[in-house]
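Student: Pasting a structure here, questions to come.
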Ligand SMILES: Cc1cc2nc3c(=O)[nH]c(=O)nc-3n(C[C@H](O)[C@H](O)[C@H](O)COP(=O)(O)OP(=O)(O)OC[C@H]3O[C@@H](n4cnc5c(N)ncnc54)[C@H](O)[C@@H]3O)c2cc1C
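Residue numbers (my numbering): 29 to 484.
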């Protein structure tokens with residue numbers, strides 16, 4: 029089979045690339061290959077009753093399938109160059125913001141209308157944060173919510189399904205350069221295309237690494253973020269979340285001068301398991317629908333680590349830490365902040381008596397046996413710093429889940445067109461190591477589609 033363009037991966041990067049290509053030139057022959065299921069078949073078996081924790085499905089429906097890792101996410105599209113990736117380093121700050129804004133407009137057009145856009149512009153909270161050694165980063169954030177995000181994806185799929193060949197449950201096993209074209213190989217078939225866009229996200233990281241080695245495309249190691257997910261009554265953080273929804277706050281610790289930051293804040297949300305290559309970590313999201321909201325807010329507190337010489341494997345380091353929590357807890361560990369600072373493990377009884385009701389069933393335990401001291405000290409310091417802007421954060425009954433890890437793919441050497449040294453082979457989204465978010469990944473897809481359209 030011959031195609032003009034083949035896209036590997038149907039996450040936000042792949043979907044937006046596909047949409048932009050087809051919308052601008054409906055005569056293009058485009059195929060999308062995706063390891064996971066189509067949207068309606070995606071379902072995580074954890075129901076909190078019969079199946080309480082991850083059972084390592086063959087393909088993880090949280091991470092894979094139409095919509096990618098973003099499908100069941102909170103759908104927070106941050107429009108900013110301050111975090112979420114370094115796309116602007118390749119395409120320029122102005123272009124990056126322009127494309128993220130365009131993605132937002134499309135999301136509104138495809139079912140997201142009516143959702144709220146929050147902004148840090150002119151907020152008095154910045155001053156309060158600064159007075160307490162906390163730095164509030166600038167951003168606009170559109171919160172689609174897990175439910176609306178799903179509707180938007182459904183609408184995109186309905187628009188694309190008759191115009192594009194989708195191959196679900198079909199992993200691309202290899203890509204070969206073939207006389208100016210590319211041969212895209214799956215278990216059962218081979219396909220030829222003029223241009224190939226690789227958008228395999230976090231779950232495709234090992235495959236991407238192998239492919240780069242084989243095609244001699246240079247890569248460099250990236251950082252990893254390790255920490256915990258904090259869960260507390262929503263009232264405690266309401267001043268911040270009511271105005272900003274998500275606040276990205278950075279704190280520099282007194283002890284080690286390490287930067288600890290908040291990440292992925294979910295007002296009235298739920299804490300969930302995440303499975304990356306068989307390692308169970310923690311994440312969170314929240315629904316736009318009031319009926320699905322909980323009484324708690326959750327967010328991550330993360331510390332970045334980047335190893336270079338002689339040990340380069342930042343992800344491997346974090347995997348070992350996460351494996352330790354899986355070994356001790358059989359999955360994610362939960363601990364009351366009060367137990368952590370008293371140097372004792374949480375027990376079923378202490379969690380039951382806790383005034384904050386956990387939204388994820390996790391194993392009560394002791395995070396100090398899992399997280400390296402330097403990281404844990406930084407997190408504890410930041411909880412006390414946050415307590416000054418959101419009193420109650422350092423309450424004994426604040427819950428900590430561990431470990432949360434943000435793995436970043438190694439960075440693939442791509443140029444200002446997001447093209448590898450092989451002409452016509454593009455790498456976008458989180459799989460490139462350049463983006464780490466829905467908005468940056470989506471924007472990178474639109475950017476590459478437009479580059480291809482210019483050449484067609
Ligand atoms: C629970 C959760 C909540 C999140 N919440 C947010 C949020 O609120 N805001 C935010 O900005 N970000 C959030 N993120 C991160 C966000 O989802 C990612 O940054 C984004 O999805 C990256 O898009 P992508 O297209 O680059 O990759 P992905 O979304 O990871 O998509 C890549 C796709 O490629 C497929 N694939 C991989 N290898 C192959 C192969 N060899 N052949 C075929 N297909 C392959 C995968 O199955 C996957 O579907 C969240 C992530 C998770 C897991």
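We treat Cβ as the ideally placed atom computed from N, Cα and C, and that holds for glycine. All figures in this text were calculated on a predicted structure; none of them were measured in a lab.
At a cut-off of 7 Å, is residue 140 close to ligand 1 when judged by its beta-carbon and the heavy atoms of the ligand?
Tutor: Taking the first residue of the chain shown as position 1, residue 140 is located at position 112. Because no heavy atom of ligand 1 lies under 7 Å away, the Cβ of residue 140 does not count as near it: no.
Student: Check this for me: beta carbons of residue 116 and residue 446, under 8 Å apart or not?
Tutor: As a first step, residue 116 is located in the chain shown; it is residue number 88 there, counting from the start. As a first step, residue 446 is located in the chain shown; it is residue number 418 there, counting from the start. Contact flag unset, no.
Student: Is it the case that the stretch 469-484 contacts the stretch 151-162, given that we only count it when at least three CB pairs across the two stretches are under 8 Å?
Tutor: Here the stretch 151-162 makes no contact with the stretch 469-484; the two share fewer than three CB pairs at distances below 8 Å.
Student: Taking contact to mean 3 or more Cβ pairs, one atom from each stretch, closer than 8 Å, check whether the stretch 269-277 and the stretch 419-431 are in contact.
Tutor: With a cut-off of 8 Å, the stretch 419-431 and the stretch 269-277 do not count as touching, because too few Cβ pairs lie within range.
Student: Going by the CB atoms, is the gap between residue 278 and residue 287 shorter than 8 Å?
Tutor: By 1-based counting over the chain shown, the position of residue 287 is 259. By 1-based counting over the chain shown, the position of residue 278 is 250. Cβ distance < 8 Å, so residue 287 and residue 278 count as in contact.
Student: Report whether the distance from the Cβ of residue 442 to the nearest heavy atom of ligand 1 is below 7 Å.
Tutor: If you number the chain shown from 1, residue 442 lands on position 414. No, the beta carbon of residue 442 sits no closer than 7 Å to any heavy atom of ligand 1.
Student: Mind checking residue 68: buried by the 16 CB within 10 Å criterion, or exposed?
Tutor: Counting from 1 along the chain shown, the entry for residue 68 is found at position 40. That one is exposed.
Student: Would you say residue 465 and residue 112 are within 8 Å of each other, going by their C-beta atoms?
Tutor: Position 437 of the chain shown, counting from 1, holds the residue named residue 465. Position 84 of the chain shown, counting from 1, holds the residue named residue 112. Yes, the Cβ-Cβ distance between residue 465 and residue 112 is below 8 Å.
Student: Check whether the Cβ of residue 326 lies closer than 7 Å to any heavy atom of ligand 1, and answer yes or no.
Tutor: Taking the chain shown and counting its residues from 1, one reaches residue 326 at position 298. Answer for residue 326: no, Cβ out of range of ligand 1.
Student: Out of 411, 376 and 210, state which residue places its alpha-carbon closest to the alpha-carbon of residue 29.
Tutor: For this step, residue 29 is matched to residue 1 along the chain shown. Closest option to residue 29, Cα to Cα, is 210.
Student: Can you tell me whether DSSP reads residue 111 as helix, strand or coil?
Tutor: The residue given as residue 111 occupies position 83 in the chain shown. DSSP places residue 111 in coil when its eight states are reduced to three.
Student: Tell me where the alpha helix (DSSP H) around residue 407 begins and ends.
Tutor: The sequence position of residue 407 within the chain shown is 379, counting from 1. Per DSSP, residue 407 belongs to the alpha helix (DSSP H) from 401-417.
Student: Based on Cα-Cα distance, which residue from 297, 389, 281 and 78 lies nearest to residue 414?
Tutor: What you label residue 414 is simply residue 386 of the chain shown in a count that begins at 1. Looking only at 297, 389, 281 and 78, the smallest Cα-Cα distance to residue 414 is reached by 281.
Student: Alpha carbon to alpha carbon, what distance is there between residue 242 and residue 383?
Tutor: Sequence index remark: in the chain shown, residue 383 carries index 355 (1-based). Sequence index remark: in the chain shown, residue 242 carries index 214 (1-based). One C-alpha to the other measures close to 54 Å.
Student: Just to confirm my understanding: we take residue 66, look at its own chain, exclude 5 residues before and 5 after, and list those with CB closer than 8 Å. What are they?
Tutor: What you label residue 66 is simply residue 38 of the chain shown in a count that begins at 1. Answer for residue 66: 93, 94, 185, 194 and 196, listed in chain order.
Student: From residue 212 to residue 218, what distance separates their C-alpha atoms?
Tutor: The residue you call residue 212 lines up with position 184 of the chain shown. The residue you call residue 218 lines up with position 190 of the chain shown. For residue 212 and residue 218, the distance between alpha carbons rounds to 6 Å.
Student: What do you reckon, is the C-beta of residue 91 under 7 Å from a heavy atom of ligand 1?
Tutor: Position 63 of the chain shown holds residue 91. Indeed, a heavy atom of ligand 1 lies less than 7 Å from the Cβ.
Student: Can you tell me whether residue 12 sits near ligand 1, meaning its C-beta is under 7 Å from at least one heavy atom of the ligand?
Tutor: This structure cannot speak to residue 12, because the chain is shown only from 29 to 484.
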